[in-house]
Amino acid sequence: MATLLVVGCVAPPPSVENSLAACPETRPMVCTTIYAPVCASHEDGHRETHASSCNACADETVTGYVDGVCQEATE
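Here our numbering is used: the sequence shown runs in plain steps of one and ends on residue 88.
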């Protein structure tokens, strides 16, 4: 019986900016009412929670999104 030994490096988690999902080139015009919140990043740098990725990408100022509600900045 052979034993497989896997050795590798563990990479740090990606930053939020690097892990943004991109919106499709053709923006949606109609979205379903399914609630699956995403945190969208806008061109001006602010983030906002949208009801779904479709709703986020329907806004032309959205540059990308991550799944889940936006976390408020802690000071």
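In this text, a Cβ means the ideal position worked out from N, Cα and C, and glycines have one as well.
This structure is a prediction, so every number in the text was calculated from the model and none was measured.
Contact set for residue i: own chain, Cβ-Cβ below 6 Å, skip 5 residues either direction
i: Ala-53; result: Glu-61, His-63, Ala-69, Val-75 and Tyr-78
i: Cys-83; result: Cys-52, Arg-60 and Thr-62
Simplified DSSP state of residue i, which is helix, strand or coil
i: Cys-52; result: strand
i: Ala-64; result: coil
i: Ala-69; result: helix
Rounded Cβ spacing between residue i and residue j (contact assumed at less than 8 Å)
i: Pro-50; j: Gly-81; result: 6 Å
Residues of its chain near residue i, where Cβ-Cβ distance is below 7 Å and the 5 sequence neighbours each way are ignored
i: Cys-44; result: Ser-65, Cys-67, Asn-68 and Ala-71
i: Ile-47; result: Ser-65
i: Ser-32; result: Val-79
i: Glu-56; result: Thr-74 and Thr-76
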